[in-house]
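Line order of the protein sequences matches chains A and B. So for the first sequence, our numbering puts the first residue at 1; every next one is plus one. So for the second sequence, our numbering puts the first residue at 1; every next one is plus one. For each residue, glycine too, the CB sits at the ideal point set by N, CA and C. No experiment lies behind these values; they were computed from the predicted model shown.
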Amino acid sequence: MDTDQLIAHSRARFDHESARRLLNEKYIAKMLFAHAGGMWRAGPELLTLLHACPEQDVVLLDLYNTPIQVNTLDLQLLAHSRWQEQMNAWLVEFEQVSKQR
Amino acid sequence: MTTGALIFAFNNSEIDYLAMAAWSAARIRRHLNIPVAVVTDSTECVDAFDKVIHAVPEGSGTRHFTDFGTNVSWHNANRTTAYELTPWDQTLVLDADYVVASMQLAYTLQAQQDFLCHRLAYDITGLQTFDDLNYFGRNCMPMHWATVMMFRRSTTAELIFKSMQMVRENWKHYCNLYGNPRSTYRNDHALSIALNIVNGHVLHQPDIAWSLASLTPEHELVQTDADQFRINYQTAQSQRKWIELKGQDFHAMGKRTLMDIVAHA
């Protein structure tokens, strides 16, 4: 066994700052989902917009600025479940990262 | 409509791109559930792919690979023929050194766009800003990355690849036009210029809705589980640090450590 390599390995410190930044990039990407021929990003902005629409059928601009006719209830359900699912996964990984030496 | 991945793999004296592509093909099938075609001049490892397209390597230039510490001859110019060569109606072109560790790219296949690629890349370790890679030339033109490209059979996609070919054939002219000091051909620059031409010289074009995670060659990459990788690196103050990537795709710009992983797979 290479002792120098072993010592170097044990002295390496986990980079919490970079790991948190990486998690942010990873989970921002995981918020994407496709619906009704459009691409959407689950999150407070989309959910607030959907809450603000009293009509069931509206036309919204997707991530690529394409107007898409959507059922607000369907999109809201999908966006909310995706957002919560990914936020929970983010929290689990964030806590694991915080415990790293 | 058929959907599949396409990887270009032309080996050189130092790097076994075909072995990398074969390793990547298994990961693409597992995560994205799509068939994989390879464009190569080799007859080895062909069982690893759903389709094998034989082609003569083009654009043999030399490039310095910091992780090998030497100049290596490099065949990168075939990328412009992806539109002609692909057997699929919807194609995901991936670099052989792009590591698929999640189903994230499935979202590019669901997007109703004719062509998508990454506009921005970032350094996984956070040590570099990547400003010199995300922009190019005297006028700091935005650079689009040819590492991952999704395209559908369409007039737009065909024009983009034809324009890339035109840029490649007139490389010196376009280098002068864009104030690009780089004398050797680079796919990312040709793609960026082609997108600029096809989209009518506007800076806003549809792109992949997240940034490309990239690992530069000077860092060490170790696989700790099927979709888990540890990255060992040193800061400018020579502090040894590490981070872990779990279920996250990334571009392994350093071929040497990726080759070690592939060899032990």
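Those residues which DSSP pairs with residue i across a bridge
| i | result |
| --- | --- |
| R41(A) | L32(A) |
| K162(B) | Per DSSP, none; premise fails for K162(B). |
| Y135(B) | P142(B) |
| I243(B) | I231(B) |
| T3(B) | Q90(B) |
| V39(B) | F8(B) and I53(B) |
| V148(B) | L94(B) |
| I28(B) | Note: I28(B) sits in no beta bridge, so no partner. |
| N24(A) | Answer is none; N24(A) lacks a bridge partner. |
| D57(A) | N71(A) |
| L116(B) | M150(B) |
Residue i, buried or exposed, once every other Cβ within 10 Å from all chains shown has been counted against 16
| i | result |
| --- | --- |
| Q237(B) | exposed |
| P181(B) | exposed |
| V278(B) | A question about residue 278(B) goes unanswered here, because the residues of chain B that appear run from 1 up to 265. |
| N187(B) | buried |
| P266(B) | With chain B covering 1 to 265 only, the question about residue 266(B) has no answer from this structure. |
| T224(B) | exposed |
| E85(A) | exposed |
| C140(B) | exposed |
| A19(A) | buried |
| T129(B) | exposed |
| N196(B) | buried |
| S24(B) | buried |
| D95(B) | buried |
| V92(A) | exposed |
| N76(B) | buried |
| I231(B) | buried |
| H54(B) | exposed |
| H9(A) | exposed |
Local conformation of residue i per DSSP, three classes
| i | result |
| --- | --- |
| A121(B) | strand |
| M259(B) | helix |
| Q234(B) | strand |
| I15(B) | coil |
| H264(B) | coil |
| A77(B) | helix |
| Y307(B) | With chain B covering only 1 through 265, there is no way to say anything about residue 307(B). |
| A55(B) | coil |
| R182(B) | coil |
| S154(B) | coil |
| I34(B) | coil |
| S211(B) | coil |
| D47(B) | helix |
| L46(A) | helix |
| V167(B) | helix |
9 Å Cβ cutoff met for residue i and residue j
| i | j | result |
| --- | --- | --- |
| L120(B) | N134(B) | yes |
| T43(B) | F8(B) | no |
| T155(B) | H219(B) | no |
| D123(B) | L215(B) | yes |
| G43(A) | I68(A) | no |
| V70(A) | L23(A) | no |
| M39(A) | A209(B) | yes |
| A26(B) | C45(B) | no |
| L6(B) | V36(B) | yes |
| T91(B) | M150(B) | yes |
| G267(B) | G179(B) | Past the edges of chain B, shown from 1 to 265, lies residue 267(B), and the structure says nothing about it. |
| L191(B) | M166(B) | no |
| M259(B) | P217(B) | no |
| E244(B) | Q76(A) | no |
| Q248(B) | Q104(B) | yes |
| N78(B) | F10(B) | yes |
| L111(A) | L49(A) | A query on residue 111(A) cannot be resolved here, the shown segment of chain A reaching from 1 to 101 and no further. |
| R11(A) | R240(B) | yes |
| K30(A) | A213(B) | no |
| L127(B) | T257(B) | no |
First and last residue of the uninterrupted alpha helix (DSSP H) at residue i
| i | result |
| --- | --- |
| E93(A) | T72 to K99 |
| T108(B) | A106 to Q110 |
| L85(B) | A82 to L85 |
| S192(B) | N187 to V198 |
| S10(A) | T3 to R11 |
| L63(A) | It is not in any alpha helix (DSSP H) - L63(A) carries neither H nor E in the DSSP assignment. |
| L177(B) | W171 to L177 |
Residue i - containing beta strand (DSSP E), residue span
| i | result |
| --- | --- |
| L127(B) | Unbroken run through L127(B): none, as it is neither H nor E. |
| T91(B) | Q90 to L94 |
| A252(B) | F250 to A252 |
| L221(B) | E220 to D225 |
Distance cut-off 8 Å: residue i Cβ against heavy atoms of the ligand HEM
| i | result |
| --- | --- |
| S154(B) | Judged by which ligands are present, the structure shown has none, so any question about the ligand HEM falls away. |
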